[in-house]
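Numbering (our numbering), first residue to last: 8 to 206.
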């Protein structure tokens, strides 16, 4: 168990170091001015705000796991996990750098400055704060619209096809004889044809 735990920590450290090296290589490909513009844009857009709760959530989950296995050390577990979580908090900046690099590779410096300028205005801030509510309302409206379109498409296509079939009754397929059901077998109701010729 001890060897496995040590190996796991070493492997995790290797992943962190390799990830940092990969990020540095990516960042070197982007001009500093473009990275600076990207940082302004992601700050205005609140791009990484949703990730603020990740480290606290991980800490709480780890506490619960440790306390479950060692309930007599609850206070020590909470103190140690909180201490280590705070020590890792500065690595939050790594995510900001990665986000800036991604945006810098996706937009020009002029575009990033334009984005930052707009989303720092009152209209831009309102757009950001209102987007979740607007998206929910739009989703409900789209659902109602879809149901209406589906209903009308079915009704209108059925009416048109019924007119064609009524005008050509001889082309309707003849009913096929079906064998009598076995004794005791449940009988299924005969299917109805919505497009049957009208008399």
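Heads up, the beta-carbon is just placed ideally off N, CA and C, and yes, glycines get one too.
Bear in mind that the values here come from a model prediction, so they are computed numbers and not experimental data.
Looking at the structure shown, is residue i part of a helix, part of a strand, or coil, going by DSSP?
| i | result |
| --- | --- |
| residue 120 | helix |
| residue 141 | helix |
| residue 73 | helix |
| residue 80 | helix |
| residue 163 | helix |
| residue 60 | coil |
| residue 55 | coil |
| residue 68 | helix |
| residue 36 | coil |
Starting from residue i, trace the alpha helix (DSSP H) both ways and give me its first and last residue.
| i | result |
| --- | --- |
| residue 177 | That residue, residue 177, is in no alpha helix (DSSP H); it is neither H nor E in DSSP. |
| residue 99 | 99-113 |
| residue 128 | Here residue 128 belongs to no alpha helix (DSSP H), and DSSP marks it neither H nor E. |
| residue 50 | 39-52 |
Residue i: buried (16+ other C-beta within 10 angstroms of its C-beta) or exposed?
| i | result |
| --- | --- |
| residue 36 | exposed |
| residue 61 | exposed |
| residue 151 | exposed |
| residue 164 | exposed |
| residue 75 | exposed |
| residue 41 | buried |
Is the Cβ-Cβ distance between residue i and residue j less than 8 Å?
| i | j | result |
| --- | --- | --- |
| residue 46 | residue 92 | no |
| residue 116 | residue 44 | yes |
| residue 103 | residue 138 | no |
| residue 49 | residue 110 | yes |
| residue 101 | residue 66 | no |
| residue 133 | residue 126 | no |
| residue 53 | residue 168 | no |
Checklist line | Contact the segment 121-134 vs the segment 79-97: 3+ CB pairs below 8 Å | finding: no
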